[in-house]
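Trainee: Here it is, the structure, as structure tokens.
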Ligand code: KIV
Ligand code: ZN
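Residue numbers (our numbering): 2 to 515.
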């Protein structure tokens, strides 16, 4: 096979991905995701937008200190204050720190959002790159809304920022508007009309509003782009960003027609996808390419027969190549702590001793209830006991008793620990979940709106754990909560309380940053 050109993978799960509704992550969670991105061997991790908040600043500086291997980028608007603050957080990454600065270049953004003329925008872009260059040689510049920018002006900006020292120039489809043919031609135009274009890597950054983010990114690579910006599970602003796993696996599966490769260690894709869902509570649709639950499931008899005879009849890539090990019977009730720890590590979880002990206790309790414990159960234990735990737990569930039935009015008696005190109440409801959540609302004196309630079973069988995800909204803040248990009423209570704790923490942070 002819030589394959290596395309850089710039992961922005922790920045653009975090802009997904309800996807905000705390610092510990961001570090966990960053460590998984390190295992994936992405080229660049965009860790946040340092000036946006204290939390973002701290997350970028912690990621810059902890991660070895990938470069670490931080987003900054094209002004001195953002760039200075950005470098303050990124400095710990040393020569691997990348300042990513941007300003919009389309007529519509310049006129209505920035209220700046094209020459003012050009000037700000050049000044921002020069300022960034005073800190690090590694500078990326993005022409926000590039796809709707007049081509001549786009070429002028790109040439000017390269002259000013940008080593990567990004041409984003900020609003997910383009189609592959058009995007190919934009990149080709820049290659042919910007005299110094070879002095920088062309990057692309596609949003998925028309479901074309991956296709557009591939078209751009065919036209000469050398870096693709993407996120795990395709999360991101609105309809999301180019999905990392889909982009990477497309190149890996079709080198015959796409002479490109990435440095990504694809066997870590499934653990990365699961980890992100666990951390954000955003579940992946079952038919999602590469990492959806059905991506490798063959339902029709004719397909099953074909795959049993010869896998390549219906499989264009192997489940192993993306790190999928389904329904692996991992451990039983006699398994020891060592085996448990090892399995968690294989799944991508590295827990400190205290958390490991907590998770192990929970595993033992589950193994008593369930005959078989699968990898998916371990994901849920870690999510529930470890990830769902917040830095501060204002509210804790102590226990719960529910009565219900075809002819009975559902009643829930809930006992909780609130600020160190045990409190208890009972409520009636339209079913046991309603009664339980009403009792929790009464005890916690909260009024958050329940925007989403999902219940699913983690594995098959009547003894399976139920997993509940809820989304709560109060004022301007939203929070996702998760809980799992073999009892779905208890799982619902845990998820609801988890979301309340997250909402409470968000509000506290907001008050401190005012
Ligand atoms: O979508 C976009 O244009 C962005 C830029 C800031 C790169 O996220
Ligand atoms: Zn974006």
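In this text, a Cβ means the ideal position worked out from N, Cα and C, and glycines have one as well.
Helix, strand or coil for residue 473, going by three-state DSSP, please let me know.
Mentor: One-based indexing of the chain shown puts residue 473 at position 472. In the structure shown, residue 473 sits in a strand (DSSP, three-state: E or B).
Trainee: Considering only the beta carbon of each residue, do residue 33 and residue 276 sit closer than 8 Å?
Mentor: Translated into the one-based positions of the chain shown, residue 33 becomes position 32. Translated into the one-based positions of the chain shown, residue 276 becomes position 275. Cβ atoms of residue 33 and residue 276: closer than 8 Å.
Trainee: Give a single yes or no on whether residue 173 has its beta carbon closer than 7 Å to a heavy atom of the ligand KIV.
Mentor: Taking the first residue of the chain shown as position 1, residue 173 is located at position 172. It does: the Cβ of residue 173 is within 7 Å (strictly closer) of some heavy atom of the ligand KIV.
Trainee: Return yes when the Cβ of residue 70 is within less than 8 Å of the Cβ of residue 90, no when it is not.
Mentor: In the chain shown, the residue the question calls residue 90 occupies position 89. In the chain shown, the residue the question calls residue 70 occupies position 69. Not closer than 8 Å, so no.
Trainee: Which runs of the alpha helix (DSSP H) fall wholly inside the stretch 285 to 324 and span at least 4 residues, in chain order?
Mentor: DSSP runs (the alpha helix (DSSP H)) wholly in the stretch 285 to 324: 302 to 310.
Trainee: Compare the C-alpha of residue 10 against each of 340, 407, 249 and 317 and name the closest.
Mentor: The residue you call residue 10 lines up with position 9 of the chain shown. The candidate whose alpha carbon is nearest that of residue 10 is 249.
Trainee: Give a single yes or no on whether residue 238 has its beta carbon closer than 7 Å to a heavy atom of the ligand ZN.
Mentor: What you label residue 238 is simply residue 237 of the chain shown in a count that begins at 1. Residue 238: yes, Cβ under 7 Å from the ligand ZN.
Trainee: Closer than 7 Å: is that where the CB of residue 206 sits relative to any heavy atom of the ligand ZN?
Mentor: By one-based count along the chain shown, residue 206 stands at place 205. Yes, the ligand ZN has a heavy atom inside 7 Å of this Cβ.
Trainee: With a CB to CB cut of under 6 Å and the five nearest residues on each side skipped, what residues in its chain are close to residue 408?
Mentor: Here residue 408 is taken as the residue at index 407 of the chain shown, counted from 1. Cβ neighbours of residue 408 beyond the five flanking positions: none.
Trainee: Pick from 184, 298 and 246: whose alpha carbon is nearest that of residue 231?
Mentor: Indexing the chain shown from 1 puts residue 231 at position 230. The residue with the shortest Cα to Cα distance from residue 231 is 246.
Trainee: Who are the Cβ neighbours of residue 429 in its own chain at under 7 Å, not counting the five residues just before and after it?
Mentor: For the purposes of this step, residue 429 is taken as residue 428 along the chain shown, with counting starting at 1. Within the same chain, residue 429 has close Cβ partners 410, 411, 412 and 436.
Trainee: Return helix, strand or coil for residue 343, following the three-state DSSP convention.
Mentor: As a first step, residue 343 is located in the chain shown; it is residue number 342 there, counting from the start. Residue 343: helix per DSSP, three-state reduction.
Trainee: Do the stretch 224 to 242 and the stretch 185 to 203 make contact, defined as three or more Cβ pairs closer than 8 Å?
Mentor: Taking 8 Å as the limit for Cβ pairs, the verdict is that the stretch 185 to 203 does touch the stretch 224 to 242.
Trainee: Quick one: what does DSSP say residue 121 is sitting in, helix, strand or coil?
Mentor: Taking the chain shown and counting its residues from 1, one reaches residue 121 at position 120. Note: residue 121 maps to helix in three-state DSSP.
Trainee: When the Cα atoms are used, what is the spatial distance from residue 35 to residue 235?
Mentor: The count along the chain shown starts at 1 and reaches residue 35 at position 34. The count along the chain shown starts at 1 and reaches residue 235 at position 234. When rounded, the distance between both Cα atoms is 16 Å.
Trainee: Do residue 61 and residue 79 count as a contact pair if the criterion is CB distance below 8 Å?
Mentor: Position 78 of the chain shown, counting from 1, holds the residue named residue 79. Position 60 of the chain shown, counting from 1, holds the residue named residue 61. Cβ atoms of residue 79 and residue 61: not closer than 8 Å.
Trainee: So, does the stretch 142 to 153 touch the stretch 99 to 114, judging by three or more C-beta pairs under 8 Å?
Mentor: The stretch 142 to 153 vs the stretch 99 to 114: in contact.
Trainee: In this structure, what does DSSP give as the bridge partners for residue 160?
Mentor: Residue 160 sits at position 159 when you count from the first residue of the chain shown. The partner list for residue 160 (beta bridge, DSSP) is empty, contrary to what the question assumes.
Trainee: Is DSSP giving residue 166 helix, strand or coil here?
Mentor: Working through the chain shown from its first residue, we reach residue 166 at position 165. In this structure, residue 166 counts as coil in the three-state DSSP scheme.
Trainee: Grab the span of the beta strand (DSSP E) containing residue 436 for me, first residue to last.
Mentor: Reading the chain shown from its first residue, position 435 is the one you call residue 436. Careful: residue 436 lies outside any beta strand (DSSP E), inside the alpha helix (DSSP H) at 433 to 445.
Trainee: Please classify residue 278 as buried or exposed, where buried requires at least 16 neighbouring CB atoms within 10 angstroms.
Mentor: Along the chain shown, one-based indexing puts residue 278 at 277. It is buried - the Cβ of residue 278 has at least 16 other Cβ atoms within 10 Å.
Trainee: Return yes when the C-beta of residue 76 is under 7 Å from any heavy atom of the ligand KIV, and no when it is not.
Mentor: For this step, residue 76 is matched to residue 75 along the chain shown. Yes, the Cβ of residue 76 comes within 7 Å of a heavy atom of the ligand KIV.
Trainee: Quick one: is residue 377 buried, meaning 16 or more other Cβ sit within 10 Å of its Cβ, or exposed?
Mentor: The residue labelled residue 377 in the question sits at position 376 within the chain shown. Buried.
Trainee: Classify residue 65 as buried or exposed, calling it buried when 16 or more other Cβ atoms lie within 10 Å of its own Cβ.
Mentor: Here residue 65 corresponds to residue number 64 of the chain shown, with the count starting at 1. Flag for residue 65 reads buried.
Trainee: Name the residue from 310, 462, 28 and 242 whose alpha carbon lies nearest to the alpha carbon of residue 215.
Mentor: Within the chain shown, residue 215 is the residue found at index 214, counting from 1. Checked all of 310, 462, 28 and 242; the closest Cα to residue 215 is 242.
Trainee: On the DSSP letters alone, give me the boundaries of the beta strand (DSSP E) that residue 9 sits inside.
Mentor: By one-based count along the chain shown, residue 9 stands at place 8. Looking at the DSSP string, the run of the beta strand (DSSP E) that includes residue 9 is 9 to 12.
Trainee: Would you tell me roughly how many angstroms separate the C-alpha atoms of residue 503 and residue 177, rounded to the nearest one?
Mentor: Taking the chain shown and counting its residues from 1, the one referred to as residue 503 is at position 502. Taking the chain shown and counting its residues from 1, the one referred to as residue 177 is at position 176. When rounded, the distance between both Cα atoms is 31 Å.
Trainee: Tell me the DSSP secondary structure of residue 26 in three-state form.
Mentor: The residue you call residue 26 lines up with position 25 of the chain shown. Three-state DSSP puts residue 26 in coil, outside helix and strand.
Trainee: Can you look up residue 211 in the DSSP assignment and give me helix, strand or coil?
Mentor: Numbered from 1 along the chain shown, position 210 holds the residue referred to as residue 211. Of the three classes helix, strand and coil, the one that applies to residue 211 here is coil, per DSSP.
Trainee: Ordered along the chain, which non-local residues of its own chain (more than five positions away) have a Cβ less than 6 Å from that of residue 254?
Mentor: If you number the chain shown from 1, residue 254 lands on position 253. 317 and 318, listed in sequence order.
Trainee: For residue 237 and residue 468, I'd like the C-alpha separation in whole angstroms.
Mentor: To locate residue 237, count along the chain shown from 1; it is residue 236. To locate residue 468, count along the chain shown from 1; it is residue 467. One C-alpha to the other measures close to 24 Å.
Trainee: Note down, one range per segment and in chain order, each beta strand (DSSP E) of at least 3 residues found wholly within the stretch 356 to 423.
Mentor: Counting whole runs of 3 or more residues, the stretch 356 to 423 contains the beta strand (DSSP E) stretches 396 to 406 and 409 to 419.
Trainee: Report yes if the CB atom of residue 102 is closer than 8 Å to the CB atom of residue 133, and no otherwise.
Mentor: Counted from its first residue, the chain shown places residue 102 at position 101. Counted from its first residue, the chain shown places residue 133 at position 132. A contact, by the Cβ cut-off of 8 Å.
Trainee: According to DSSP, simplified to helix, strand and coil, what is residue 242?
Mentor: Taking the chain shown and counting its residues from 1, one reaches residue 242 at position 241. Residue state, collapsed to three classes: strand.
Trainee: Under the criterion of a Cβ to heavy atom distance below 7 Å, does residue 12 qualify as lining the ligand KIV?
Mentor: If you number the chain shown from 1, residue 12 lands on position 11. No.
Trainee: Please find out if some non-hydrogen atom of the ligand KIV comes closer than 7 Å to the beta-carbon of residue 21.
Mentor: In the chain shown, residue 21 corresponds to position 20, counting from 1. Checking every heavy atom of the ligand KIV against the Cβ of residue 21, none is found closer than 7 Å.
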